[in-house]
Ligand SMILES: *Cc1c(COP(=O)(O)O)cnc(C)c1O
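Numbering (our numbering), first residue to last: 400 to 863.
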């Protein structure tokens, strides 16, 4: 393709996109004026746009391309399944071989007490399923008044009505009268942002005790479940202090409420273990899964169900009146199965734990002395860089989000895809990223920080 041809394609795509496509989580007016970035192909940890510019994708698509792009085995798995049985449903006492095999494999890699999966098309649908499942569970148990589900401010559980309600994203709640009734929220374990003078350990306990306070406020006999991500992803890669999860686990046990762990990001190797629950030693009653389940090659999610809940559903009698046309779509299931096989057989999660995650974390810490950086934190294949105006007082620049957006745009210019949540730069690269690629990721991040810093200094000089 000639250069001129490529450029004219870009302009055409941008124009047609602006005319006919409303984007998710976007200011569609601004996007129409600026023109969308059109991504046309990908390989390994890299993607290319329609002008041929190459980017290191430090975000694995949207936290999901755990195996990286271009795995031919996944293409083969999809092609073969499409030829053999492109679709059949699982309603009305039916199963298909890829779904049976995937269910079995998931039980093998999950914590021992979790052996069943209910499939959905996405993480949001998984959390909608969670809401109906926990309430149905307590019905079966003869405690139908247990309906309230406790989530966390700044948690993310998807964008359907139930998903957005379980999540604690204020801008999402502000649109569409959310949360729906029966869902309440507690504070998040965000020490850097909210810990003040407390030590992280003390703050972790305070944040966990907020769950107990909320249970007592609602009335323990009315609380059905607590839902949380092991590490908040979209909220800003918020890694709870070490004291947090043990205390949460104690509280849910004491009040006998179901623990729902949203593993949509942390699942399938992101922390260097199969699940975030393994990393933190949690015993969830339900786990939401999606994203890395198929490395994003096809949409599939699910709810993994602990034995005590699965047994209640089996013995409780009657239908569970819930499901999706594409629950356990056979082609998606075949791809997920192959994805899990590769993760396991190639020892990718072990390599993350022993080799690449420690390397990523040690290299990222070299950014900690940058004048724009308040904190660098990370765990496994997750990293966050907090941009602040005052590193000692941990104060932000005015207009929160502006500096983050500047830095993200400088990163793009450098050929690096990062995400900004407010003024926190986030990264979640494919699990197959190699040490040389990590070096490139860190040096491009530094250049983006330098360019952002230089721009801020210039603005400051003009104002002064
Ligand atoms: C992305 C995400 C979801 C929603 O998944 P979708 O597939 O986008 O519906 C739910 N929970 C967490 C933690 C997520 O990161």
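Positions of the beta carbon are idealized from the N, C-alpha and C atoms, including for glycine.
Excluding five sequence neighbours on each side, which residues of the same chain lie with their C-beta closer than 7 Å to the C-beta of residue 688?
525, 662, 663, 666, 700, 701, 703
Contact under 8 Å by Cβ, residue 536 with residue 772
no
Distance, residue 538 Cα to residue 621 Cα:
12 Å
Residue 776 and residue 783 closer than 8 Å at C-beta
yes
Using a Cβ-based criterion (distance less than 7 Å to any ligand heavy atom), does residue 552 qualify as near ligand 1?
no
Let's test the definition: count the other Cβ atoms within 10 Å of the Cβ of residue 683 and tell me whether it reaches 16, buried, or not, exposed.
buried
The alpha helix (DSSP H) enclosing residue 678, as first and last residue numbers:
675-679
How long is the line joining the alpha carbons of residue 553 and residue 567, rounded to whole angstroms?
4 Å
Check whether the region 646-660 and the region 602-621 touch, using three or more Cβ-Cβ pairs below 8 Å as the test.
yes
Should the region 558-565 be called in touch with the region 594-607, which here means at least 3 C-beta pairs below 8 Å?
no
Within the same chain, show all residues whose beta-carbon is closer than 6 Å to that of residue 834, passing over the 5 residues directly before and after it, in chain order.
758
Hey, would you say the C-beta of residue 465 is under 7 Å away from at least one heavy atom of ligand 1?
no
Count the other C-beta atoms from every protein chain shown that fall within 10 angstroms of the C-beta of residue 725, then say buried if there are 16 or more, exposed otherwise.
buried
Use the C-beta contact count for residue 474: other C-beta atoms within 10 angstroms, 16 or more gives buried, fewer gives exposed.
exposed
Whole-angstrom distance between residue 549 and residue 616, CA atom to CA atom:
12 Å
8 Å Cβ cutoff met for residue 633 and residue 844:
no
Name the two residues that bound the continuous alpha helix (DSSP H) containing residue 504.
496-508
First and last residue of the beta strand (DSSP E) that includes residue 490?
Run containing residue 490: none; DSSP gives neither H nor E here.
Just to confirm the assignment: which complete alpha helix (DSSP H) runs, minimum length 4, are found wholly within the region 776-849?
801-813
Host beta strand (DSSP E) of residue 718 (start-end)
Here residue 718 belongs to no beta strand (DSSP E), and DSSP marks it neither H nor E.
Any contact between the region 734-752 and the region 463-481? By contact I mean 3 or more CB pairs, one from each, below 8 Å.
yes
DSSP beta-bridge partners of residue 454
446
Using a Cβ-Cβ cutoff of less than 6 Å, which residues in the same chain neighbour residue 800 once the five nearest sequence positions on both sides are dropped?
821
Residue 550, enclosing beta strand (DSSP E) - first and last residue
547-551
For residue 512, which residues of its own chain have a beta-carbon under 6 Å away from its beta-carbon, when the five flanking residues on both sides are left out?
705, 706
Flag residue 827 as yes when its Cβ comes closer than 7 Å to any non-hydrogen atom of ligand 1, and as no otherwise.
no
Cβ pair count under 8 Å reaching 3, the region 570-588 against the region 653-660:
no
Going along the chain, which residues of its own chain have a beta-carbon closer than 8 Å to the beta-carbon of residue 423, five neighbours each way excluded?
558
Report yes if the CB atom of residue 729 is closer than 8 Å to the CB atom of residue 498, and no otherwise.
yes
Paired residues, beta bridge with residue 440 - DSSP
447
Cβ of residue 661 within 7 Å of any heavy atom in ligand 1?
yes
Looking at ligand 1, does it come within less than 7 Å of residue 700, judged from the CB to the closest heavy atom?
yes
Just tell me which of 510, 718, 464, 809 has its CA closest to the CA of residue 734.
464
Under the assumption that residue 545 contacts residue 477 (Cβ atoms under 8 Å), give the Cβ distance between them as a whole number of angstroms.
At roughly 41 Å, the Cβ-Cβ gap does not stay under 8 Å, so residue 545 and residue 477 are not in contact.
Minimum C-alpha distance to residue 765 - residue among 840, 586, 669, 503
840
Can you look up residue 671 in the DSSP assignment and give me helix, strand or coil?
coil
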